[in-house]
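Enquirer: Before we start, here is the structure in question, set down as structure tokens.
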Amino acid sequence: MKVTAQDVKYIAQLSRLIVPEADLEKSTEEFNQILNYADILQKIDTTGIEPTPYVLPISNALRKDVAKEGVTHEEALLNAPEVYNDGFKVPRVIE
Amino acid sequence: MDLFKYTAHELHEKLVNKEITAVELVNSVYARIDEVEEQANAYISMSKEEALAQAEKVDAKIAAGEAIAPLAGIPVVFKDNINIAGQVTSCASKMLDGVSAIFDAHATENLRKEDAVFLGKANMAEFSIGNTTDNSFFGAAHNPWNLDCVTGGCATAAAVAAGEAIWALASDTSGDLRQPAAYAGCVGIKPTYGRVSRLGLAAYASSMDQIGAVTKDVTDAATVLNAICGKDDRDSTSWAVETPDFTQALVADVKGLRIGVPKEYFGENVDAKIKAEVEKAIEQYKELGAEIVEVSLPHTQYAVRTFYVIANGEAGANFARYDGVRYGYRNMEAQSASDMTARSRNEGFGEEVKLRLLFGTHVLSKGYYENYYVRAMKVRTLIRNDFEEAFKQCDVLLTPTTPVLAEAYNTEMDAFAKYELDFTTVTANLAGLPAITVPCGMVDGMPVGMQLIGKVLDEATILKAAYTFEQATDFHKAMAPLGGNK
Amino acid sequence: MTKYTTVIGLEVHAELKTESKAFCTCSAEFTNVPNTHVCPGCLGLPGTLPVLNKQVVEFAIRAGLAVNCEIQKYNKFDRKSYFYPDLCTNYQISQLDKPICLAGHIDINVDGEEKRIGVTRIHMEQDAGKLVHSGATISTSDFSAVDYNRAGVALIEIVSEPDMRSAEEARAYMENLKAILEYTDVCDCKMQEGSLRCDANVSIMPEGATEFGTRVEIKNLNSFRALVRAIEYEVERQKEVLAEGGRLIQETRTWDDANGVTLSMRNKETAEDYRYFPDADLVPVIIDDAWIERVRAELPELPAQRQARLMEQHGLPKYDASIIVSTKAMAEYFDEAVKTAKDAKGVSNWLLGDVSAYLNNEGITISEFKVTPAHLAELVNLTKDGVLSSKLAKKVFTEMLKEDKAPGALVKELGLEQVSDEGAIMKLVEETIAENPQSVADFKAGKDRAIGFLVGQIMKKSKGKANPGMVQKMLKEKMQ
Numbered sequence: 249m250k251v252t253a254q255d256v257k258y259i260a261q262l263s264r265l266i267v268p269e270a271d272l273e274k275s276t277e278e279f280n281q282i283l284n285y286a287d288i289l290q291k292i293d294t295t296g297i298e299p300t301p302y303v304l305p306i307s308n309a310l311r312k313d314v315a316k317e318g319v320t321h322e323e324a325l326l327n328a329p330e331v332y333n334d335g336f337k338v339p340r341v342i343e
Numbered sequence: 009m010d011l012f013k014y015t016a017h018e019l020h021e022k023l024v025n026k027e028i029t030a031v032e033l034v035n036s037v038y039a040r041i042d043e044v045e046e047q048a049n050a051y052i053s054m055s056k057e058e059a060l061a062q063a064e065k066v067d068a069k070i071a072a073g074e075a076i077a078p079l080a081g082i083p084v085v086f087k088d089n090i091n092i093a094g095q096v097t098s099c100a101s102k103m104l105d106g107v108s109a110i111f112d113a114h115a116t117e118n119l120r121k122e123d124a125v126f127l128g129k130a131n132m133a134e135f136s137i138g139n140t141t142d143n144s145f146f147g148a149a150h151n152p153w154n155l156d157c158v159t160g161g162c163a164t165a166a167a168v169a170a171g172e173a174i175w176a177l178a179s180d181t182s183g184d185l186r187q188p189a190a191y192a193g194c195v196g197i198k199p200t201y202g203r204v205s206r207l208g209l210a211a212y213a214s215s216m217d218q219i220g221a222v223t224k225d226v227t228d229a230a231t232v233l234n235a236i237c238g239k240d241d242r243d244s245t246s247w248a249v250e251t252p253d254f255t256q257a258l259v260a261d262v263k264g265l266r267i268g269v270p271k272e273y274f275g276e277n278v279d280a281k282i283k284a285e286v287e288k289a290i291e292q293y294k295e296l297g298a299e300i301v302e303v304s305l306p307h308t309q310y311a312v313r314t315f316y317v318i319a320n321g322e323a324g325a326n327f328a329r330y331d332g333v334r335y336g337y338r339n340m341e342a343q344s345a346s347d348m349t350a351r352s353r354n355e356g357f358g359e360e361v362k363l364r365l366l367f368g369t370h371v372l373s374k375g376y377y378e379n380y381y382v383r384a385m386k387v388r389t390l391i392r393n394d395f396e397e398a399f400k401q402c403d404v405l406l407t408p409t410t411p412v413l414a415e416a417y418n419t420e421m422d423a424f425a426k427y428e429l430d431f432t433t434v435t436a437n438l439a440g441l442p443a444i445t446v447p448c449g450m451v452d453g454m455p456v457g458m459q460l461i462g463k464v465l466d467e468a469t470i471l472k473a474a475y476t477f478e479q480a481t482d483f484h485k486a487m488a489p490l491g492g493n494k
Numbered sequence: 003m004t005k006y007t008t009v010i011g012l013e014v015h016a017e018l019k020t021e022s023k024a025f026c027t028c029s030a031e032f033t034n035v036p037n038t039h040v041c042p043g044c045l046g047l048p049g050t051l052p053v054l055n056k057q058v059v060e061f062a063i064r065a066g067l068a069v070n071c072e073i074q075k076y077n078k079f080d081r082k083s084y085f086y087p088d089l090c091t092n093y094q095i096s097q098l099d100k101p102i103c104l105a106g107h108i109d110i111n112v113d114g115e116e117k118r119i120g121v122t123r124i125h126m127e128q129d130a131g132k133l134v135h136s137g138a139t140i141s142t143s144d145f146s147a148v149d150y151n152r153a154g155v156a157l158i159e160i161v162s163e164p165d166m167r168s169a170e171e172a173r174a175y176m177e178n179l180k181a182i183l184e185y186t187d188v189c190d191c192k193m194q195e196g197s198l199r200c201d202a203n204v205s206i207m208p209e210g211a212t213e214f215g216t217r218v219e220i221k222n223l224n225s226f227r228a229l230v231r232a233i234e235y236e237v238e239r240q241k242e243v244l245a246e247g248g249r250l251i252q253e254t255r256t257w258d259d260a261n262g263v264t265l266s267m268r269n270k271e272t273a274e275d276y277r278y279f280p281d282a283d284l285v286p287v288i289i290d291d292a293w294i295e296r297v298r299a300e301l302p303e304l305p306a307q308r309q310a311r312l313m314e315q316h317g318l319p320k321y322d323a324s325i326i327v328s329t330k331a332m333a334e335y336f337d338e339a340v341k342t343a344k345d346a347k348g349v350s351n352w353l354l355g356d357v358s359a360y361l362n363n364e365g366i367t368i369s370e371f372k373v374t375p376a377h378l379a380e381l382v383n384l385t386k387d388g389v390l391s392s393k394l395a396k397k398v399f400t401e402m403l404k405e406d407k408a409p410g411a412l413v414k415e416l417g418l419e420q421v422s423d424e425g426a427i428m429k430l431v432e433e434t435i436a437e438n439p440q441s442v443a444d445f446k447a448g449k450d451r452a453i454g455f456l457v458g459q460i461m462k463k464s465k466g467k468a469n470p471g472m473v474q475k476m477l478k479e480k481m482q
């Protein structure tokens, strides 16, 4: 299932990654090679086969509704690239 | 005394018998690191101060006549995707360089209880993506058996083989624990998915990631499992099953054990020299009284592709948190939040990681999800079914751990051929099964590993089979040239 | 001109009243200090894992049963991916194809007409954090700060069928749903504070058509009034677009309450591709019959049942009962008051009349109302017993709002008891007759109006305290 350069741009945008225009053709080709590789899976007969999202045969891993202390405010912001008003500073949210 | 050459259980004896102190031991290992690290590049960071403090605590306990745990005072290196509170967990990526962990992994907590001594963090493929350390932000690590060769997906085993650690705590998503162990002549065990809590392990592929151990012999592997396995309420996928005393399995006896040999693991895509070594091991097992059964795992040929779709899909979501907002690398020029995130990710991730993330997004996106992701999950079922069928005929499966020897860094290999190298190990991750690699031969001066795959939760049988082989052979005693001769 | 039918469906997010968050043990309580109710998981740090709070499942089952849903035995969680700074992992844990509740309904009544609105599904998910902007609004801010205190708080999303045909129906549905969530105690339902949030899907189609028109999703509806205004505005907007020969686009719009308009949110081409897939960090939740039946048995009385009870037990008119049950607090206030009140309808009249007017005026809810149900009941009884005229009762009520005193005590303090003593009234009657011979003559000449004047004079003399019924009766007798 081949994709176009336009598709690759869309995928990059969804992934919050950048594929520079100059590399677009090369990246698309590379991407199609990967798809070609994965496409072999299309040949397998999976009729009637249930998917496996989890390997464990367990269910209901539930915990009691008890609140506990989290981390300190300082620990929370320890690795923050930029801080503003006790929050994680980010540039403007709407372009 | 070159204490770094011993196994954990040997060193434990020495500590208990007061032949050595834990401080002497950790100093010996650090001295060794000073000696070889420049060539090996196995470490990303070290924590000598903390390690010495931990060692002193153990010495005080011994001096006070207190009993010590089997791993107390034993220096261990962590793969740099497992948290030690207060230390950086970088995942060998620019993205997380300098990001301090604010909590311990569950395995780390357990090792603290054991009074293990934490040496530092080992080099790895960026975010465990790729089966060499080529893409590490901190440069590639080198195989102590031949510095021109790769270490595999992380440098934990290289560190152990080079004497830079007594054992290593590592993770295994596609074989990135067992393959480096095989490449370095070490023992590597990946327990059943759910045996060890994943809390504090930076997620790659959540449905397959599992923490395990790289050690010098099977006894150490069993000892480590005793320490790190067990239910953790903070991981929903931590399995509430009893943790047996794995050292009970250390019995040299394979009489009547049915060892399945899957023909798909001995095809043309496996180096003939490796096959020859593994076949010798099979002969050895026969002599030791095991029954050899030929079995088939017909969907093995699709395993890496299946893994590739599922793991990258999961990684796409797992790595979405690396956005430059709360921690990690941030592009400081961007004028909007979304541009900041895109540029941070673009600059913070390496090329291979980015390619995988793009693919991971694609297989989950509208119009492709059914054809790729759902289909891969179905093929995963087929692969699990293969194992289920095979285990009706045998107790364990025996395969080569890797289809090739640790290749040289300058080897020209097509990307997809490189992916396919994982086919021997990745199946156990897809099915969540326990698997161990033990050294079983030498080819061209490089170690060869054989893999034993067990039934779900049946680590005991693979440990027993591995131990029996180890006791009958000397491969585990071989030291890497960089590790010196024992 | 083409006549159109409006089609509305609502998506309601309710924050659950759990102690801790949905997937971590941080407190779910609101706090003003940013990033204090957080843990490594709320910050999306590597190595963190979700573990589901059992109470979330419990509440979701309860809400589902209360809106007549079928509880699904097999539940799983999925990741819904989109990048936004307030979402710490950039995916939301939600339920895609296996929601906990399916196929329910809520009955509404608009202008006396009963209608059943379908509830498509209810699913469990987690909330995001909050952005605090440096400027007045998101678009005028150069930067923002992210607070993850709310990140991970448990939500249920309740999705209706597109069964509503007017803003009033949407309002009625939302009011009923809110009451149900309050009664079941799963959500505190503070729309202004965002613990109950509503998005409306609005489309129009030519009358008689069977195929719905292009759907527009409206966000930021944080009051009933906003819901009604936004829908009404949006319907007109869509009609205008079509009247001008334009084409509607499927988009998300936000309600600008200050200007009374819906505004298109930047139509991001990627916004809708959420890449749902199963979350392997969680395991399925299997709900057995015993669990469902236990929750069902523990369900409290719901608004509809309560309304029926108020009508049957207290003889309230349907209108009164429906308003009283519309909020749990009001219904509880009523139930408490009628324990001692001799006249249930009297209590209802106060609640629907002066009490509601006061609450609206003050912008408070009945939970914050200072007059106790017992005091209101006493006031009702004073009127019923003829101690207070309705006019004086209002005066006493005004005093009760000022100070926390029993109405009986206030009546004494202010000397407001109604005078029903025959001798005292007779004295006033005689005085008045003597002072107003002309009016008496008029009355005797058959001018009935004259009696009104005389009663008024007597009431004035008594400072309003004389029992008006007795005054009238005795005056007539005396003049006959």
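Chains as they are written, first to last, in this note's numbering: chain A, 249 to 343; chain B, 9 to 494; chain C, 3 to 482.
For glycine and all other residues, C-beta sits at the position ideal for the given N, C-alpha and C.
This structure is a prediction, so every number in the text was calculated from the model and none was measured.
Let me know if GLU271 of chain C comes out buried or exposed under the rule of 16 or more other beta-carbons within 10 Å of its beta-carbon.
Expert: Model confidence at GLU271 of chain C stands at a pLDDT of 44, short of 50, so the residue's coordinates are unreliable; what they give is reported in the following sentence. Counting Cβ neighbours within 10 Å, GLU271 of chain C comes out exposed, since fewer than 16 surround it.
Enquirer: Chain A beta carbons: is any one of them nearer than 7 Å to that of ILE140 of chain C?
Expert: Yes, ILE140 of chain C counts as interfacial toward chain A.
Enquirer: Nearest CA to the CA of ARG383 of chain B: which residue from B:LEU363, B:PHE315, B:LEU365, B:ASN354?
Expert: Per the Cα distances, B:PHE315.
Enquirer: Would you mind reading off the limits of the alpha helix (DSSP H) that contains VAL158 of chain B?
Expert: Per DSSP, VAL158 of chain B belongs to no alpha helix (DSSP H) and is neither H nor E.
Enquirer: Indicate whether ASP123 of chain B and VAL66 of chain B have their beta-carbon atoms separated by less than 7 Å.
Expert: Closer than 7 Å, so yes.
Enquirer: Cβ of ASN34 of chain C less than 7 Å from any chain A Cβ?
Expert: With 7 Å as the cut-off, ASN34 of chain C does not count as an interface residue toward chain A.
Enquirer: Pick from B:MET54, B:ALA345, B:ASP184, B:ALA190: whose alpha carbon is nearest that of PHE135 of chain B?
Expert: Nearest of B:MET54, B:ALA345, B:ASP184, B:ALA190 to PHE135 of chain B, Cα basis: B:ASP184.
Enquirer: Rounded to whole angstroms, what's the CA-CA distance from VAL333 of chain B to SER144 of chain B? Just pull it up for me.
Expert: If you take the alpha carbons of VAL333 of chain B and SER144 of chain B, they lie about 23 Å apart.
Enquirer: Less than 6 Å between C-beta atoms, sequence neighbours within five positions excluded: which residues of the same chain meet that for VAL44 of chain B?
Expert: Only ALA170, LEU490 meet the Cβ criterion.
Enquirer: From B:ILE444, B:TYR475, B:HIS17, B:VAL24, pick the residue whose C-alpha is nearest to that of ALA190 of chain B; which is it?
Expert: Minimum Cα distance to ALA190 of chain B is reached at B:ILE444.
Enquirer: Assuming ASP109 of chain C is part of the beta strand (DSSP E), what are its boundary residues?
Expert: 103-112 is the span of the beta strand (DSSP E), which, as asked, contains ASP109 of chain C.
Enquirer: Flag THR140 of chain B as yes if its beta-carbon sits less than 7 Å from any beta-carbon of chain F, otherwise no.
Expert: Here chain F cannot be found, since the structure's protein chains are A, B and C.
Enquirer: Using only the alpha-carbon positions, how far apart do MET267 of chain C and THR349 of chain B sit?
Expert: Taking the straight line from one Cα to the other gives about 21 Å.
Enquirer: With which residues is ALA532 of chain B paired in a DSSP beta bridge?
Expert: The first residue shown for chain B is 9 and the last is 494, placing residue 532 of chain B beyond what the model contains.
Enquirer: Quick one: which chain B residues come within Cβ less than 9 Å of ALA309 of chain A?
Expert: Result: ASP241, ASP243, SER244, THR245, SER246, ALA248.
Enquirer: Out of C:VAL155, C:GLY137, C:ALA147, C:ARG227, which one is the CA nearest neighbour of LEU177 of chain C?
Expert: The sequence as given places Glu at residue 177 of chain C; Leu does not occur at that position. Selected option, being the one with the closest Cα: C:ARG227.
Enquirer: Would ILE219 of chain B be called buried (16 or more neighbouring beta carbons within 10 Å of its own) or exposed?
Expert: By the 10 Å Cβ count, ILE219 of chain B comes out buried.
Enquirer: Would you identify the three-state DSSP class for PHE399 of chain C, choosing helix, strand or coil?
Expert: In this structure, PHE399 of chain C counts as helix in the three-state DSSP scheme.
Enquirer: Distance, Cα to Cα, LEU11 of chain B vs LEU127 of chain B?
Expert: Their Cα atoms are separated by approximately 15 Å.
Enquirer: Is THR272 of chain C close to chain A? Criterion is C-beta to C-beta, closer than 7 Å.
Expert: Note that THR272 of chain C scores 44 on pLDDT, short of 50, meaning its location in the model is unreliable; the coordinates nonetheless yield the value given after this. By this cut-off, THR272 of chain C is an interface position.
Enquirer: Taking CB distances under 7 Å as the criterion, tell me whether ALA315 of chain A reaches chain B.
Expert: With 7 Å as the cut-off, ALA315 of chain A does not count as an interface residue toward chain B.
Enquirer: So what does DSSP say about THR433 of chain B, is it helix, strand or coil?
Expert: It is helical.
Enquirer: Residues of the segment 138-167 of chain C with a CB closer than 7 Å to any CB of chain A: list them in chain order, please.
Expert: Listed in sequence order: ILE140, SER141, SER143, ASP144, PHE145, SER146, ALA147, VAL148, ASP149.
Enquirer: Our contact map puts GLY356 of chain B next to LYS102 of chain B with C-beta atoms below 8 Å; I'd like the distance itself, whole angstroms only.
Expert: 5 Å between Cβ atoms; contact.
Enquirer: Please classify TRP175 of chain B as buried or exposed, where buried requires at least 16 other C-beta atoms within 10 Å of its C-beta.
Expert: Counting Cβ neighbours within 10 Å, TRP175 of chain B comes out buried, since at least 16 surround it.
Enquirer: Using a Cβ-Cβ cut-off of less than 7 Å, give me the residues of the segment 3-21 of chain C that come near chain A, in sequence order.
Expert: Per Cβ criterion, the list reads THR20, GLU21.
Enquirer: Taking LEU304 of chain A as the query, report the chain C residues whose CB atoms sit under 8 Å from its CB, ordered along the chain.
Expert: Going along chain C in sequence order, the residues near LEU304 of chain A (Cβ under 8 Å) are VAL285.
Enquirer: Cα-Cα, which of C:GLN474, C:VAL121, C:PHE85, C:ARG298 is closest to PHE455 of chain C?
Expert: Of C:GLN474, C:VAL121, C:PHE85, C:ARG298, the residue nearest in Cα terms is C:GLN474.
Enquirer: Assuming contact is defined by CB atoms lying nearer than 7 Å, are ALA178 of chain B and ILE197 of chain B in contact in what I supplied?
Expert: No, the Cβ-Cβ distance between ALA178 of chain B and ILE197 of chain B is not below 7 Å.
Enquirer: What residues in the segment 114-132 of chain B bring their beta carbon closer than 9 Å to a beta carbon of chain A?
Expert: Listed by position along the chain: nothing, the set is empty.
Enquirer: Taking DSSP as the reference, what is the three-state secondary structure of PHE371 of chain C?
Expert: PHE371 of chain C: coil per DSSP, three-state reduction.
Enquirer: At 8 Å on the CB atoms, spell out the chain B contacts of GLN290 of chain A, in chain order.
Expert: Under the 8 Å cutoff, chain B gives ASN379, ARG383.
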